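Residue numbers (numbering that gives the first Met the number 0): 0 to 203.
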Amino acid sequence: MPSSFFNQGFQRKRPSTHKLPPGQYETHDFPVLSAGPTPRIALDKWTLTLEGLVEEPKKWSWQEFNALPQQDFNPDIHCVTQWSKFDTKWRGVSLDTLLEQVRLKPDARYVMASSYGGYTTNLPLADVREGKAFIGLIYDGQPLTPEHGGPARLVVPHLYFWKSAKWITSLRFMADDEPGFWERAGYSMYGDPWKAQRYADDDE
């Protein structure tokens, strides 16, 4: 199956008393995983756009985005390369806050997240609502580094972490599901860690 991630910082740990999804192990590191080069985005050039099946697209500059209400988040995260990290510490903007800024069309059911650098990943709309996803700006008390997706990344902690698109620049709302970067390469269209949905065959 596809295995093209660039991985850095792995150090396997003994399992903790926390419950892990199938095939996962706990790490206390935060491994760096990227499908390509790390983009460096100047803050005065950064934007985030909500587009597609919305009555009117909405775009924020970095300054405008940081003026939105922010929250602290403390999720466990799970990577398809089998590491899990418990109790991560983030600060950012809930997707619910962003969705309050647009009116979705009735047939919007899916979202395509797009990144600076060209990465994409697909998600059901239901999986980014009701507190399930956020745009992370601060990690462990510090601005999110470019290696981990800074200045801002999507975080969808209940799915494998490739769904948490680094360097986020747009969310496009769609009527039908479409595969993103890794999904076109054979990864699961959904990516539920608790069902071990790593690859397309695991969706069946």
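Cβ coordinates follow ideal geometry from the N, Cα and C atoms, glycine included.
In this text the structure is predicted, and so the values were computed from the model without any measurement.
Would a C-beta distance cut-off of 8 Å place residue i and residue j closer than the cut-off?
{"i": "residue 94", "j": "residue 125", "result": "no"}
{"i": "residue 30", "j": "residue 82", "result": "yes"}
{"i": "residue 169", "j": "residue 47", "result": "yes"}
{"i": "residue 142", "j": "residue 149", "result": "yes"}
{"i": "residue 84", "j": "residue 37", "result": "no"}
{"i": "residue 182", "j": "residue 120", "result": "yes"}
{"i": "residue 122", "j": "residue 78", "result": "no"}
{"i": "residue 86", "j": "residue 71", "result": "no"}
{"i": "residue 107", "j": "residue 199", "result": "no"}
{"i": "residue 190", "j": "residue 159", "result": "yes"}
Measuring CA to CA, which of the options is closest to residue i?
{"i": "residue 137", "options": "154, 25 and 121", "result": "154"}
{"i": "residue 68", "options": "98, 50 and 76", "result": "98"}
{"i": "residue 151", "options": "91, 20, 51 and 54", "result": "91"}
{"i": "residue 140", "options": "203, 59, 198 and 73", "result": "73"}
{"i": "residue 109", "options": "32, 50, 40 and 196", "result": "50"}
{"i": "residue 45", "options": "172, 80 and 145", "result": "145"}
Taking residue i as part of the alpha helix (DSSP H), name the residues at either end of that continuous run.
{"i": "residue 61", "result": "61-65"}
{"i": "residue 133", "result": "Careful: residue 133 lies outside any alpha helix (DSSP H), inside the beta strand (DSSP E) at 133-138."}
Beta strand (DSSP E) containing residue i: first to last residue?
{"i": "residue 90", "result": "89-93"}
{"i": "residue 171", "result": "167-173"}
{"i": "residue 183", "result": "Taken as a continuous stretch (DSSP letters only), residue 183 belongs to no beta strand (DSSP E), being part of the alpha helix (DSSP H) at 180-183."}
{"i": "residue 187", "result": "Neither: residue 187 is in no beta strand (DSSP E) and is coded neither H nor E."}
{"i": "residue 109", "result": "109-114"}
{"i": "residue 123", "result": "119-123"}
Any heavy atom of the ligand NAP closer than 7 Å to the beta-carbon of residue i?
{"i": "residue 141", "result": "With respect to small molecules bound, the structure shown includes none, and the ligand NAP cannot be examined in it."}
Taking 8 Å as the threshold, find out whether the region 155-166 comes into contact with the region 98-117 through three or more Cβ pairs. Between the region 155-166 and the region 98-117 there are three or more C-beta pairs closer than 8 Å, enough to call the two in contact.
Quick one: complete beta strand (DSSP E) runs, 3+ long, within the region 18-83? The region 18-83 contains these whole beta strand (DSSP E) runs: 31-33, 46-51, 57-60 and 70-72.
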